[in-house]
Amino acid sequence: MTSPPSSRLLLLPIPRCCWAAGGGARAPAGSSSTVRLGSLGGKRRRRLRGAVVAMAAAGADFDARVARIASTIRVIPDFPKPGIMFQDITTMLLNPEAFRDTIDLFVERYKDKGITVIAGVEARGFIFGPTIALALNAKFVPLRKPKKLPGEVISEEYSLEYGTDKMEMHVGAVEPNDRAVVVDDLIATGGTLCAAVKLIATSAAWSGSSLAAIACWGRGC
1 MTSPPSSRLL LLPIPRCCWA AGGGARAPAG SSSTVRLGSL GGKRRRRLRG
51 AVVAMAAAGA DFDARVARIA STIRVIPDFP KPGIMFQDIT TMLLNPEAFR
101 DTIDLFVERY KDKGITVIAG VEARGFIFGP TIALALNAKF VPLRKPKKLP
151 GEVISEEYSL EYGTDKMEMH VGAVEPNDRA VVVDDLIATG GTLCAAVKLI
201 ATSAAWSGSS LAAIACWGRG C
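Set out below in structure tokens:
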């Protein structure tokens, strides 16, 4: 067992703000009451971000594999703009052992949970999601930016630091009896992750968790 790296955490539990109020998702026993993400001000969003990191640190399965994965992730300063410390997972993908460790840790967390849907957030959630879905014998559902999916879609709007954006999913991709997990590569502010969970929660009976390969302590990632 090794201690977690200071800015990289595996297997994030779902932020409590993301339980959908009246949206069909049911929080497991012991989870807190719902808070709508859209109602959160900047200070409460920052508190949420800190809470997510603390929850991850408490619940993640840290072992030698985590240290190996962390050692392969490259940090690029001032990309894509000054002040950003970009967490580059492409160097991890070049290391088959670390890539396999990442997938294995995700699969081990959910192999006996009856998961039927792995939903991947565009675009790097598409790297991990399909492989995890196959290992769990679950279907993979892409969550995409607006006007990227053909046919009928449902959408969820979420706030950015400056403005808003939307995430879309095919109608019927997730069914009422599904149990879903959302996968992405990184969580910084939590806005995209919460939007993804709320989108899934409009259809799934249970959307009770989320996964990310990296969590950042502050805004600079």
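First residue of the sequence shown: 1, per UniProt numbering; consecutive thereafter.
The C-beta atom is built at its ideal place from N, Cα and C for all residues, glycine as well.
Please read these numbers as outputs of a predicted model, since none were measured by experiment.
One thing to note: residue 72 has its Cβ within 9 Å of the Cβ of residue 94. Contact between residue 116 and residue 178 holds, since their C-beta atoms are separated by about 5 Å, short of 8 Å.
Put simply, the segment 155-166 touches the segment 184-196. At least three CB pairs are less than 8 Å apart.
Under the DSSP assignment, residue 68 falls in the alpha helix (DSSP H) whose first and last residues are 64-72. Looking at the backbone, the Cα of residue 92 and that of residue 127 are separated by about 12 Å. Assignment of residue 89 by DSSP, reduced to helix, strand and coil, places it in the coil class. Your pair residue 130 and residue 140 checks out as a contact, with CB atoms roughly 5 Å apart and the cut at 8 Å.
Around the beta carbon of residue 125, 16 or more other beta carbons lie within 10 angstroms, which makes this residue buried. Ranked by how close their Cα comes to the Cα of residue 64, the residues 181, 175, 144, 101 have 101 in first place. The secondary-structure analysis by DSSP pairs residue 199 with nothing; it has no beta-bridge partner. DSSP, read as helix, strand or coil, puts residue 107 in helix. In the three-state reduction of the DSSP assignment, residue 119 falls in the strand class, which pools E and B.
Just so you know, the alpha carbons of residue 170 and residue 112 end up roughly 27 Å apart.
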